[in-house]
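Asks:
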Amino acid sequence: MRQRFPRAAAALAAVLMITGCTTNNNVDTTKTTAIQPVAKDVSANDLVEGKAQFREANFGLAEQHFRKAVELKSDDAEAWMGLAASYDELGRFDFADRAYAQLVKVAGRKPQIVNNMGYSQLLRGNKKKARVLLLEAKAGMADQTVVNANLALLDKG
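Using mature numbering (1 follows the signal peptide of the UniProt record, and there is no 0), the letters of the sequence shown correspond one by one to residues -23 to -1, 1 to 134.
Structure follows, in structure tokens:
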């Protein structure tokens, strides 16, 4: 019995050596498809959070979220508007001017934008410039409620 086992092992080793040395020239033609990741607009999260912080008068946090939103999606007019308004509320008018300039490039000189630019001038105490901008905005707005309120604030001060 002892002789059969070594012979069987030797035969098995020979078979393994022979099959191990052969090459398979067959090409794998299996087609696979990759699942594409879901496109997620991460800037939208920052836009939502920026608006929430702005409503709560947390202008520093709002600025951070709006800034991140425009960094992630530079053509988002709503994020630029929020960023400019946040800078206005923080008294960072130099940055507000830059954000308004970019906003106008992205969205055009729309009445709502010009209204915010006028309000920005009002906050700075530039009444003459504020009036010009607010009147420009009023001329293009169907609903003039907001711009009229801004003009009333201008006339009070």
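Glycine included, each C-beta is placed from N, C-alpha and C at the ideal position.
Give me, in chain order, the residues of the same chain whose beta-carbon lies closer than 8 angstroms to that of D53; leave out the 5 immediate sequence neighbours on both sides.
Replies: Walking along the sequence shown from the start, residue 53 turns up at place 76. Cβ within range, chain order: S20, L24, A46, V47 and V83.
Asks: Compute the beta-carbon to beta-carbon distance between Y64 and E40, rounded to the nearest angstrom, for a pair I have assumed lies under 8 angstroms.
Replies: For the purposes of this step, residue 64 is taken as residue 87 along the sequence shown, with counting starting at 1. For the purposes of this step, residue 40 is taken as residue 63 along the sequence shown, with counting starting at 1. So it is a contact: roughly 6 angstroms between Cβ atoms.
Asks: Would DSSP call G134 helix, strand or coil?
Replies: Locating residue 134 in the sequence shown gives position 157, counting from the first residue. It is coil, neither helix nor strand.
Asks: Quick check on K87: does DSSP put it in helix, strand or coil?
Replies: Locating residue 87 in the sequence shown gives position 110, counting from the first residue. It is coil, neither helix nor strand.
Asks: Could you check where the alpha helix (DSSP H) with D23 kicks off and where it finishes?
Replies: Numbered from its first residue, the sequence shown carries residue 23 at position 46. Its alpha helix (DSSP H) spans residues V19 to R32.
Asks: When we look at the beta-carbon of N127 and count the other beta-carbons within 10 Å, is it buried (16 or more) or exposed?
Replies: Locating residue 127 in the sequence shown gives position 150, where the first residue counts as 1. Buried.
Asks: Return yes when the Cβ of P88 is within less than 8 angstroms of the Cβ of A129, no when it is not.
Replies: To locate residue 129, count along the sequence shown from 1; it is residue 152. To locate residue 88, count along the sequence shown from 1; it is residue 111. Cβ distance not < 8 angstroms, so A129 and P88 don't count as in contact.
Asks: Of the residues L49, A61, L110 and G59, which one's Cα is nearest the Cα of D18?
Replies: By 1-based counting over the sequence shown, the position of residue 18 is 41. In terms of CA proximity to D18, L49 leads the group L49, A61, L110 and G59.
Asks: What's the C-alpha gap between G27 and F43?
Replies: As a first step, residue 27 is located in the sequence shown; it is residue number 50 there, counting from the start. As a first step, residue 43 is located in the sequence shown; it is residue number 66 there, counting from the start. Their backbone Cα atoms lie some 5 angstroms apart in a straight line.
Asks: Between which two residues does the alpha helix (DSSP H) containing S51 stretch?
Replies: Locating residue 51 in the sequence shown gives position 74, counting from the first residue. That residue, S51, is in no alpha helix (DSSP H); it is neither H nor E in DSSP.
Asks: L99: buried (16+ other C-beta within 10 angstroms of its C-beta) or exposed?
Replies: Stepping through the sequence shown from its first residue, residue 99 is reached at position 122. By the neighbour-count rule (16 or more Cβ atoms within 10 Å), L99 is buried.
Asks: To the nearest whole angstrom, what separates the beta carbons of G59 and F31, a pair I think is in contact under 8 angstroms?
Replies: In the sequence shown, residue 59 corresponds to position 82, counting from 1. In the sequence shown, residue 31 corresponds to position 54, counting from 1. So it is a contact: roughly 6 angstroms between Cβ atoms.
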